[in-house]
Amino acid sequence: MKAVLIQDVQNEIYEDVAEFLKVMAHPVRLKIIQEVSKHRKLNVKQLTEILDIPQSTTSQHLTKMKNIVLRRKRKGIEMYYYITNEKAEQVLTLLTCTE
1 MKAVLIQDVQ NEIYEDVAEF LKVMAHPVRL KIIQEVSKHR KLNVKQLTEI
51 LDIPQSTTSQ HLTKMKNIVL RRKRKGIEMY YYITNEKAEQ VLTLLTCTE
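If you count the sequence shown from 1, position 36 lands on 36 in the UniProt record's numbering, and the numbers rise without skipping.
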């Protein structure tokens, strides 16, 4: 019984990690993480200008990342995005390591 519970917990952890990696597995999303990490918080307009991609594309990627990697907070009429999952920054650091 105890082994089954441990296996269930491990499976849930693997599913969570797989979902996280699936969300991160896109070049634009990695760039978004990099920029939000650098600036601490950004809105859609700022990200669109920095990444030089359409606003609709930026919004689609932010939607996929919301609640898994990023959170958003309203400030006036703007929504600002910030990183809530420190693993996102760790993955980015690992992937951009030049050694």
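A virtual CB, placed ideally from N, CA and C, is assigned to each residue, including glycine.
Note that the structure is predicted; figures quoted are calculated from it, not measured.
Residue span of the alpha helix (DSSP H) that contains residue i, given as start and end
{"i": "arginine 74", "result": "Unbroken run through arginine 74 is the beta strand (DSSP E), 70–75; no alpha helix (DSSP H)."}
Rounded separation between residue i and residue j - CA only
{"i": "glutamine 60", "j": "threonine 93", "result": "24 Å"}
{"i": "lysine 38", "j": "alanine 3", "result": "43 Å"}
{"i": "threonine 57", "j": "methionine 65", "result": "13 Å"}
{"i": "lysine 73", "j": "valine 9", "result": "32 Å"}
{"i": "arginine 40", "j": "glutamine 34", "result": "10 Å"}
{"i": "glutamine 7", "j": "aspartate 16", "result": "14 Å"}
{"i": "glutamate 89", "j": "leucine 5", "result": "31 Å"}
{"i": "asparagine 43", "j": "glutamate 49", "result": "10 Å"}
{"i": "asparagine 67", "j": "glutamate 19", "result": "12 Å"}
Pair within 7 Å by beta-carbon distance, residue i and residue j
{"i": "valine 69", "j": "valine 23", "result": "yes"}
{"i": "threonine 63", "j": "arginine 71", "result": "no"}
{"i": "leucine 51", "j": "lysine 75", "result": "no"}
Own chain partners of residue i with C-beta closer than 7 Å, once the 5 adjacent residues on each side are dropped
{"i": "leucine 21", "result": "none"}
{"i": "isoleucine 47", "result": "One point to set straight first is that residue 47 is leucine, not isoleucine, in the sequence displayed. These residues qualify, in order along the chain: Ile32, Glu35, Thr58."}
Whole-Å CB distance - residue i paired with residue j, under 8 Å assumed
{"i": "valine 28", "j": "tyrosine 82", "result": "So it is not a contact: roughly 18 Å between Cβ atoms."}
Spatial neighbours of residue i in its chain, beta-carbon cut-off 8 Å, leaving aside the 5 residues before and after
{"i": "methionine 79", "result": "Asn43, Val44, Arg72, Lys73"}
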